[in-house]
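According to mature numbering (1 follows the signal peptide of the UniProt record, and there is no 0), the stretch in the sequence shown is residues -26 to -1, 1 to 234, in order.
We put the beta carbon where it would ideally sit given N, CA and C, even for glycine.
As the structure is a computational prediction, the values presented were derived from the model and not from experiment.
A quick write-up on the structure given underneath.
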Amino acid sequence: MGRRPAGWRHGLLLALLALAACTAAANRHPEINCYPPSGQGNPCEMFIKKKMWLGKVAEQYGAVTIADILELNPELEGNTTPQNVTIQLPCQRPATRGDTVMALLKGRPEMSILVRVVQAAGLEPLLADPNFGGTLLAPSNCYWKHLLADLDVTEAMLLQQGQALNTLLLYHIVKDRVIPSKDLSNGLELETLLGQSIEVKRRRPRARRILLHTSTDQTARLVQRDLVGGKALVHVVTEVLLPLRDPAQLAAKAAKRRRR
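Following this line, the structure appears as structure tokens:
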């Protein structure tokens, strides 16, 4: 590969933020499954309807290998399951609590990409501080994979963009506020460390369905909530949240809200 032109690393930042204008729903890449296979009965089991490669099973279940699966299922032949079969999997529960936000994220296999992104963005000292008090909106691996597919880049390429990732992640951290899900009321504006806000959409005060509306008109859902990382809280969301990059657009949106 030839030498890239000066400033190419900032180009991805522009692509990331411009992408928000045409962001589609989470099914825009149907080959990326954001919903783990469902077990039947025992949570340490998985029902496989169609033949599946064990590597795919291990990837979707998280933190297991093909060897782990074969050890628990000696009746399996080769590295592919039969159809309509229930297989055994190592019992595991992702962490719901950690001494810090980083400790919590590292204890959840589906947050492994976010952990690497935080490190590349230079934000690990902030999120590894046990005294950090804030709220992190955390996209799981699946939604980072959607973003990579949108941008047509690899994870390794993304992780080279420290400045872009810093900007991106600051939009996922609510400034100086620990907000449990019960306090996420309809119309609440969450001010992020980036300086742009995210609006909560909730039909009723105690409704289970909580949506987040970004400055770029994305809609994300909270799928897991109130995970504890030291003095902070983490809510898992269904999108990598993309902020506006044009200050004029941001000012126009703020003026529109004031006129409501």
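Within a Cβ cutoff of 8 Å, which residues of the same chain sit near residue i, ignoring the five residues on either side of it in sequence?
| i | result |
| --- | --- |
| G29 | I40 and N53 |
Over the uninterrupted beta strand (DSSP E) stretch that includes residue i, give me the two end residues.
| i | result |
| --- | --- |
| M20 | E19 to I22 |
| K175 | S171 to K175 |
| I61 | V59 to Q62 |
| residue 246 | A question about residue 246 goes unanswered here, because the residues of the chain that appear run from -26 up to 234. |
| Q198 | T193 to G203 |
| E165 | E163 to E165 |
| L186 | L185 to H187 |
Do you know whose CA, among the options, lies nearest residue i's CA?
| i | options | result |
| --- | --- | --- |
| L196 | A112, P99, L44 and L78 | A112 |
| L142 | L50, K156, C18 and G169 | G169 |
| N115 | R151, R82 and L97 | R82 |
| L207 | A194, V92, D150 and R180 | D150 |
| I87 | E98, T166 and E129 | E129 |
| residue 242 | G136, V127, R182 and L78 | This structure leaves residue 242 out entirely; the chain is present only between -26 and 234. |
| I6 | V127, A123, I22 and L78 | A123 |
| K205 | V152, L50, M131 and L186 | V152 |
| K23 | Q57, T70 and L121 | Q57 |
| E33 | P48, L50, E51 and C8 | C8 |
So, residue i versus residue j, is the Cβ gap smaller than 8 Å?
| i | j | result |
| --- | --- | --- |
| W118 | V214 | yes |
| G72 | G161 | no |
| L94 | L164 | The displayed chain sequence assigns Ala, not Leu, to residue 94. Against a cut-off of 8 Å, the Cβ pair of L164 and A94 comes out as no contact. |
| M20 | V31 | yes |
| S171 | H209 | no |
| T109 | V148 | yes |
| L46 | Q62 | yes |
| residue 237 | L78 | A question about residue 237 goes unanswered here, because the residues of the chain that appear run from -26 up to 234. |
| M85 | T55 | no |
Leaving aside the five residues before and after residue i along the sequence, list all residues of the same chain whose C-beta is less than 7 Å from its C-beta, in chain order.
| i | result |
| --- | --- |
| L158 | V174, R176 and I184 |
| A102 | T74 and M76 |
| L100 | F106 |
| P179 | S159 |
| K80 | V89 |
| G96 | G136 and N140 |
| Y145 | T166, L168, Q170, L215 and P217 |
| E98 | M76 and V92 |
Determine the extent of the alpha helix (DSSP H) in which residue i is found, giving its start and end residues.
| i | result |
| --- | --- |
| H120 | N115 to L125 |
| residue 237 | It is not possible to answer for residue 237, since the shown part of the chain is limited to -26 through 234. |
| N140 | G136 to L144 |
| K80 | V75 to K80 |
| V92 | S86 to A94 |
| I43 | I40 to L46 |
| L133 | E129 to L133 |
| E98 | E98 to L101 |
Within a Cβ cutoff of 6 Å, which residues of the same chain sit near residue i, ignoring the five residues on either side of it in sequence?
| i | result |
| --- | --- |
| P64 | V38 and D42 |
| H3 | H120 and A123 |
| P68 | R82 |
| T70 | L201 |
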